[in-house]
Every structure is written in C-alpha cells, then in structure tokens.
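Right, one structure below, let's go through it.
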Amino acid sequence: MSIENDDLAELAVQYWKLSRSYQKSLSILPEKKANKARAQVRFSDGKVSSIFERLRLEIMTFDGALFSAELPVSPINADDVEGSQPVRIIQTIDPAVVLNGKVLRVARVMLEGE
C-alpha cells in the first residue's frame, strides 16, 4: 500500500488538531474522568508519535518562537503587523509537517500584533 505525501501530511495535521481539541475539552470533565481521559490521550499520542518517528515524519509547532522568513510558516495576520521589530508567533493554527527533512506542509500561524 502506498500513501501520498499530501495525504500523510493531512492525516498528521488532523490528528494534531483532534488531540489538541480533546486535551482542551478535558477541563469540563469531572476530575476522575479527566484523569482517565488524559492518560488515554498520552498513550495514544505516544503511539502515534512512535509511528511518525518510524516514518521520519515531524509535526512542528511554533508557539512563542520569533517569526523568521526561514521558518516553514505562513502568518495569517501578516498584514496586521507593521515595523521591523522582531515579532513573536503567538499561536500555531496548523502545524508544519516535515518528512525526511523536507517540508510537506507549512504551518499557519498567528503573529503578535502591535
């Protein structure tokens, strides 16, 4: 079975979004259920991370990093940021996906506004 790189990148991004969304939703669960669910998320994330490592697939996020043209990112609010001062990335909307050192998909990020 062969899988296209675009499909692999999309799968990685969708898993990242699902995991992140699920982790955020744990705060509304009763503590006992939240602890059990948190453990399940950690277990699943570990399994998926192991698979990604075997495939040499990386999911990259940039929260808190200084924006640079060398990063594999596309700011969604670049027009809102002015000046030549260093700008920090405040949120990764979609992660970058890298396979064997080659960028398959650039990250979509939100830059810190003025």
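Residue 93 in the working numbering sits at position 24 of the sequence shown, and the numbers go up by one each step.
Note that the Cβ used here is the ideal one computed from N, Cα and C, for glycine as well.
Pull up the distance between the alpha-carbon of residue i and that of residue j, whole angstroms please.
| i | j | result |
| --- | --- | --- |
| Phe136 | Ile158 | 6 Å |
| Val82 | Lys105 | 25 Å |
| Val172 | Ser113 | 25 Å |
| Leu77 | Arg89 | 18 Å |
| Ile72 | Thr161 | 26 Å |
In this structure, does DSSP put residue i in helix, strand or coil?
| i | result |
| --- | --- |
| Val175 | coil |
| Ile97 | helix |
| Val68 | Not covered by the structure: residue 68. The range shown for the chain is 70 to 183. |
| Val150 | coil |
For a quick check, are the C-beta atoms of residue i and residue j less than 8 Å apart?
| i | j | result |
| --- | --- | --- |
| Val150 | Val156 | yes |
Once the 5 residues before and after residue i are set aside, which same chain residues still bring their CB inside 8 Å of it?
| i | result |
| --- | --- |
| Leu180 | Phe136, Pro144, Asn146, Ala147, Asp149, Val150, Val156, Arg157, Ile158, Ile159 |
| Gln92 | Arg107, Val110 |
Output needed for residue i: all residues of its chain with C-beta closer than 6 Å, excluding positions within five of it in sequence on either side, in chain order.
| i | result |
| --- | --- |
| Gly170 | none |
Which stretch, first to last residue, makes up the beta strand (DSSP E) that contains residue i?
| i | result |
| --- | --- |
| Ile162 | 158-163 |
| Ser137 | Here Ser137 belongs to no beta strand (DSSP E), and DSSP marks it neither H nor E. |
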